[in-house]
Each structure stands twice: as structure tokens, then as C-alpha cells.
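Take the sequence shown: its letters are residues 1 to 133, numbered as in this note's numbering.
Think of the CB as a built atom: it goes at the ideal place given N, C-alpha and C, for glycine as much as any other residue.
Worksheet for the structure shown next.
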Amino acid sequence: MANTNNFKPGDIVTVQFEDQQMHGAVEEVNKANKTLRVMQSDENEYWYQLGDVRPVLIDDYQLKVIGFQELEGEGAYNVYEKGPFSVMISFSNPLHCAVLHYRDETRQVVNLLYMHELQHHYKAMTNFELWGF
């Protein structure tokens with residue numbers, strides 16, 4: 001089960017409710033009740049139990065949805081760019097090794113699996129939100 005400490009407002013998540021999966025952005029975290037308020041693309045807000053919320057895996061499609069452009073890869077790495085921020089990630093490596101670069105800062109990250117983790121690094125490096133619904 002996911003941990004509420006991992007999700008923050010603005011994080012992209014998938015919610016499972018009544019046999020339907022929907023993407024949304026976390027609006028609020030209630031740690032006491034272990035619930036998350038999630039804004040979905042239809043601009044409705046719903047509260048979900050933590051067990052109904054899943055992180056979104058990083059993949060080519062998800063990166064392109066949030067505005068990254070794919071560049072020519074380097075060996076086993078795929079390279080994506082959004083303005084001055086770039087992500088070099090190996091989807092084939094089980095450790096999902098990644099190199100994040102923004103201006104004069106470079107981070108090497110192991111186990112970069114989920115979109116919300118990328119969002120946290122992006123925010124820390126750029127002081128901007130990566131995604132908004």
C-alpha cells in the first residue's frame with residue numbers, strides 16, 4: 001500500500017474506484033484519515049482512501065503528456081527535454097537509473113519509477129510545478 005508521506009499536493013496519481021481507473025492530481029492529503037482529495041480532469045474533486053490511490057509509472061507516454069520532447073537517446077538511455085530541464089532515463093534497467101539536469105545542477109537518481117517522484121525532483125531543482133490539471 002502507498003504511504004501518504006509520499007504524495008503531496010499536485011502529484012499525478014491514478015485512482016481506482018468502482019472498477020474504473022482515472023488520472024488526477026492530489027489536492028490535499030489527510031494523514032489522520034489516510035485519504036487524499038484528488039482533482040480529476042473533469043474538474044471534479046473527490047476524496048479517496050489511500051488504498052484506492054496508485055502512483056503513475058514513468059514511461060514515454062506520460063513524459064510526452066506533460067510536455068517533454070524526446071531527443072536522440074544515448075545508448076540504453078532515453079532522453080527527454082522540457083525547456084532547460086532534461087531527463088535521461090533507462091526504462092530497460094530494472095533500477096530505472098536516471099540523470100536529471102537543470103542549468104548547472106545534475107542529479108543521478110536510482111529507482112526513479114513514478115511521476116510524483118519526478119515531480120518532486122523537478123520542483124526542488126526549478127522551483128516550478130511540473131504539471132497542472
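Name the two residues that bound the continuous alpha helix (DSSP H) containing residue i.
i: Y61; result: 60-65
i: L118; result: 115-126
Thinking just about the alpha-carbon of each residue, which of the options is nearest to the one in residue i?
i: Q20; options: M39, N6, D52, T35; result: D52
i: V38; options: E18, F7, V109; result: F7
i: G67; options: F85, M125, V56; result: F85
i: I89; options: A98, G83, H116; result: A98
i: M125; options: G24, W131, D104, H116; result: D104
i: H96; options: A25, N127, Q16, N78; result: N78
i: E72; options: V87, V56, Q62; result: V87
i: Y48; options: Q16, L57, L118; result: Q16
i: F128; options: Y114, Y102, N111, D60; result: Y102
Return the chain-ordered list of same chain residues with a C-beta closer than 7 Å to the C-beta of residue i, the five sequence neighbours on each side being excluded.
i: M1; result: Since pLDDT at M1 reaches only 43, below the 50 mark, its modelled position is unreliable, and the value read off the structure follows with that caveat. These residues qualify, in order along the chain: L50, G51.
i: N111; result: L95, H96
Got a sec: does the ligand SAM put a non-hydrogen atom nearer than 6 Å to the Cβ of residue i?
i: V15; result: The ligand SAM is not part of the structure shown, which contains no ligands of any sort.
The beta strand (DSSP E) with residue i in it runs from where to where?
i: S90; result: From DSSP, S90 is part of no beta strand (DSSP E); its letter is neither H nor E.
i: E28; result: 20-30
i: N78; result: 77-82
i: G73; result: 69-74
i: V186; result: For the chain, the structure presents residues 1 to 133; residue 186 sits outside this window and is missing.
i: H96; result: Counting along the chain, H96 falls outside any beta strand (DSSP E), and DSSP gives it neither H nor E.
Can you find the residues in the same chain that come closer than 6 Å, C-beta to C-beta, to residue i, ignoring five residues on each side of it along the sequence?
i: R54; result: T14
i: R70; result: Per the sequence shown, the amino acid found at residue 70 is Glu instead of Arg. Excluding sequence neighbours, E70 sits near Y80.
i: S92; result: A76
i: Y122; result: L130
i: N30; result: none
Report back the beta-carbon spacing between residue i and residue j to the nearest angstrom; my notes put them in contact at under 8 Å.
i: E45; j: E18; result: Incorrect: roughly 17 Å between the Cβ atoms, too far for contact.
Please work out which residues of its chain come closer than 8 Å, Cβ to Cβ, to residue i, disregarding the five sequence neighbours upstream and downstream, and give them in chain order.
i: T106; result: V99, L100
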